[in-house]
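Everything on this sheet refers to the single structure shown next.
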Amino acid sequence: MCDELPQKKDTIVTFIQNIGNKDTSAVFPASLRVNRKKILNALMWLKRHNPFYGNVQIKAENLDWMEGKEEVNLSTKGEDLGIKCTTRSKKENEEEEYVSNAHCTKDDCKDGDLPMQTVHSNSAKTL
């Protein structure tokens, strides 16, 4: 368990999610904003009100990597992972899918395999 918070930048584990858009298949990294004042206030509150944080040392100097700014975007301060955005639609590459007889009820499976359509969360389809 950590005995010193906030963590230093080189020990922070982050996951930057890429978010798509239904109109284009380009991907945009979601930003992770870090606000110095909010982090320090939250840690002081936790130390005061949560017994599990009682022995934690709060070290504001661990946020010096922010270079004096009150708020920074962690994804722009992080390392480039070399993820390339794609403009090709995934729908073009999808193969037709089928439901096998093993997954059907007697009434549903009279003519062998049934075609199955993939429904995407951002697209409206009438079935």
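Numbering (full-length UniProt numbering), first residue to last: 1 to 127.
Even glycine gets a Cβ: it sits at the ideal position worked out from N, Cα and C.
It should be emphasised that the depicted structure is a prediction, and the values quoted were computed from it without experimental measurement.
Coarse secondary structure for residue i, derived from DSSP in three states
| i | result |
| --- | --- |
| K8 | coil |
| E61 | helix |
| N41 | helix |
Top-ranked residue by Cα proximity to residue i, from the options
| i | options | result |
| --- | --- | --- |
| W65 | K47, A42, H49 and V34 | V34 |
| N73 | L32, K9, K8 and D3 | L32 |
| Q7 | L63, E70, E71 and E67 | L63 |
| C2 | I39, N41, Y53 and L46 | Y53 |
| E71 | E4, N50, L40 and D10 | L40 |
Residue i, enclosing beta strand (DSSP E) - first and last residue
| i | result |
| --- | --- |
| N35 | R33 to N35 |
| E70 | Counting along the chain, E70 falls outside any beta strand (DSSP E), and DSSP gives it neither H nor E. |
Chain B within 9 Å of residue i, Cβ atoms only
| i | result |
| --- | --- |
| C2 | Reference to chain B is not applicable here, since this structure consists of a single protein chain. |
Other residues of its chain near residue i: CB distance less than 8 Å, five sequence neighbours each side excluded
| i | result |
| --- | --- |
| K69 | R36 |
| M44 | I58 |
| D10 | none |
Own chain, CB closer than 7 Å to residue i, minus 5 neighbours either side, in chain order
| i | result |
| --- | --- |
| K38 | none |
| K47 | Y53, G54, V56 and I58 |
| E61 | none |
Check: residue i C-beta below 8 Å from any heavy atom of the ligand SAM
| i | result |
| --- | --- |
| I39 | Here there are no bound small molecules, and the ligand SAM is not part of this structure. |
Cβ neighbours of residue i in the same chain (closer than 6 Å, five flanking residues each side left out)
| i | result |
| --- | --- |
| E4 | Q57 and K59 |
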